[in-house]
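Following: one structure in structure tokens, then a few remarks.
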Amino acid sequence: MDLFSIGFVVCTLSGIACFWLFFKCIDWFEKI
7 MDLFSIGFVV CTLSGIACFW LFFKCIDWFE KI
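First residue of the sequence shown? That's 7 in this note's numbering, and the numbers climb one at a time after it.
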């Protein structure tokens, strides 16, 4: 794997993690 592929995978995974946290926060705020 070259550096570009590694960077792409890291960005994709961190992006998915950010979306997941964002939706979890919305879920949490709706429960309050």
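For each residue, glycine too, the CB sits at the ideal point set by N, CA and C. Since the model is a prediction, treat every value here as computed from it, not as a measurement.
Please classify residue i: does DSSP put it in a helix, a strand, or coil?
i	result
Ile38	coil
Asp33	helix
I want to see whether chain B comes within less than 9 Å of residue i, judged by CB atoms only; does it?
i	result
Leu27	In the structure shown, chain B does not exist; there is a single protein chain.
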